[in-house]
Amino acid sequence: MRLSRSLAPVTVAVCLVLSLPYDALPHARVAARQATAAPEEPFGAECRTDVRGSRVVAYCHNPYADTDRVRLHIECDRWWDLDTDGTPADAGPAQTVRLTGRCWKEVRSAWVSHQKL
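Counted the way mature numbering (1 follows the signal peptide of the UniProt record, and there is no 0) counts, the sequence shown spans residues -24 to -1, 1 to 93.
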């Protein structure tokens, strides 16, 4: 008898916690607060990359108020051809920047990285 009397409050507490809705649990409230936080301001230039043979040209237009530092990265297809990381260029508000680079032979991939100033 004593064992069942000591387990009764624990059993009731466990049942109450398990019957709570998901939103009432503490970790759900933290996630909800993070989801309702103020949205970040839009950022990042829109870039178009064109690969023709061994040459790469990227045009990046920044429609936002913050300056975006963009950089062209090129990965060459041949093992002996050096991959390149171009010099960074600052794309100011409403400004278009042209980035160029090349490989000796074929280009495997090319992409543009962004950095907020």
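Idealized CB from N, CA, C, for every residue including glycine.
Please list, in chain order, all residues of the same chain as residue i whose beta carbon is under 7 Å from its beta carbon, the five residues on each side excluded.
i, result
"His37", "Ala21, Glu22, Thr72"
"Ser85", "Glu51"
List the residues that DSSP assigns as beta-bridge partners of residue i.
i, result
"Asp44", "Ala67, Lys92"
"Trp80", "None, per the DSSP bridge assignment."
"Val32", "Val27, Gly77"
"residue 95", "An answer regarding residue 95 cannot be provided, because it is not within the stretch -24 to 93 covered by the chain."
So, at 8 Å on beta carbons, what are the nonlocal neighbours of residue i in its own chain, with the 5 sequence-adjacent residues on each side left out?
i, result
"Gly62", "Arg47, Leu48, His49, Ile50, Leu75, Thr76, Gly77"
Quick check on residue i: buried or exposed, where buried means 16 or more other Cβ atoms within 10 Å of its Cβ?
i, result
"residue 116", "Because the chain in this structure spans residues -24 to 93, residue 116 falls outside the shown range and cannot be described."
"Val(-13)", "exposed"
If residue i and residue j are in contact, beta carbons under 8 Å, what's the gap, nearest whole angstrom?
i, j, result
"Val32", "Val83", "6 Å"
In chain order, what residues of the same chain have a beta carbon less than 6 Å from the beta carbon of residue i, not counting five sequence neighbours either side?
i, result
"Gln91", "Arg45"
"Asp26", "Val33"
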